[in-house]
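A.B. asks:
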Amino acid sequence: MQTSAIHFALPVETPVGTFHARYSLAGLCGLDFPTKKTDKAEPPKAAEQVPGRVQHWHAKTSRALKESLAGKVPKSLPPLDLSAGSAFQQQVWAALLEIRFGQVRSYGEIAEALGKPKATRAVGTACGSNPVPVFVPCHRVLAAGGGLGGFSGGLDWKRRLLQLEGIALRESA
DNA sequence: TAACATTCCGCGC
DNA sequence: GCGCGGAATGTTA
Numbered sequence: 396m397q398t399s400a401i402h403f404a405l406p407v408e409t410p411v412g413t414f415h416a417r418y419s420l421a422g423l424c425g426l427d428f429p430t431k432k433t434d435k436a437e438p439p440k441a442a443e444q445v446p447g448r449v450q451h452w453h454a455k456t457s458r459a460l461k462e463s464l465a466g467k468v469p470k471s472l473p474p475l476d477l478s479a480g481s482a483f484q485q486q487v488w489a490a491l492l493e494i495r496f497g498q499v500r501s502y503g504e505i506a507e508a509l510g511k512p513k514a515t516r517a518v519g520t521a522c523g524s525n526p527v528p529v530f531v532p533c534h535r536v537l538a539a540g541g542g543l544g545g546f547s548g549g550l551d552w553k554r555r556l557l558q559l560e561g562i563a564l565r566e567s568a
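Each residue of the first sequence is one higher than the one before, counting from 396 in our numbering.
1. Contact check, LEU464 vs VAL411 under 8 Å by CB: the rounded distance?
2. Quick one: Cα of SER457 to Cα of ALA514, how far?
3. Roughly how far, in whole angstroms, is the beta-carbon of LEU491 from the beta-carbon of VAL536, given that I think they are within contact range, below 8 Å?
4. Roughly how many whole angstroms lie between the Cα atoms of TRP552 and ALA459?
5. Are GLY480 and GLU560 closer than 7 Å when you measure CB to CB?
6. Rounded to whole angstroms, what's the CA-CA distance from CYS424 to GLN558? Just pull it up for me.
7. Look at the alpha carbon of GLY569 and the alpha carbon of ALA517, and state the distance between them as a whole number of angstroms.
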């Protein structure tokens, strides 16, 4: 649903594995969790000709990601290029960015915030399309009542990220 | 047209 | 009162 633009893929090594960041000429446009299944070393196109600008962003991404994984709030993030999504998706992602550290919203809350309280399901779909997990806190979105909901990159990651923020799931005790 | 990372309402126990 | 099943609702591929 979109013409593919030129991207640059760079690895980000962290204590929990190697993430893969993708950049467009506008900013960070994608981030992938480390997968056990060996990353299929998809040859980054022109990884050698990475603009200095991108390398600079990558440095920020790397640092911000590590801070996030350490349970801290990133001091500064690289510019995010979310132009890949549809208008609705971008609205959702923007709403997610407003969620503060340690805060949680439900899919319904997000939908309501967009003025479409009935679009809860759509919000879920949009979150699933979120290209930049962690920075765009799709993990802070839970189902109504504190349910976990789902997560594209693996539910265990969602759990882990929530735990880092001290968010308790299902207050049951 | 079918599928989705949800919700809500109603009925049965 | 709690739990389960089914229908509704918006967006995307």
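Idealized CB from N, CA, C, for every residue including glycine.
C.D. replies: Reading off the structure:
1. The residue given as residue 464 occupies position 69 in the first sequence. The residue given as residue 411 occupies position 16 in the first sequence. Sure, about 6 Å apart at Cβ, within 8 Å.
2. The residue you call residue 457 lines up with position 62 of the first sequence. The residue you call residue 514 lines up with position 119 of the first sequence. Their backbone Cα atoms lie some 34 Å apart in a straight line.
3. Taking the first residue of the first sequence as position 1, residue 491 is located at position 96. Taking the first residue of the first sequence as position 1, residue 536 is located at position 141. Contact flag correct, Cβ pair sits at about 7 Å.
4. Residue 552 sits at position 157 when you count from the first residue of the first sequence. Residue 459 sits at position 64 when you count from the first residue of the first sequence. A direct Cα-Cα distance of roughly 17 Å separates TRP552 from ALA459.
5. Within the first sequence, numbered from 1, the residue matching residue 480 stands at position 85. Within the first sequence, numbered from 1, the residue matching residue 560 stands at position 165. Going by C-beta atoms, GLY480 is not nearer than 7 Å to GLU560.
6. What you label residue 424 is simply residue 29 of the first sequence in a count that begins at 1. What you label residue 558 is simply residue 163 of the first sequence in a count that begins at 1. C-alpha separation (whole angstroms): 25 Å.
7. Look at the range of the chain in this structure, 396 to 568, and you will see that residue 569 is not part of it.
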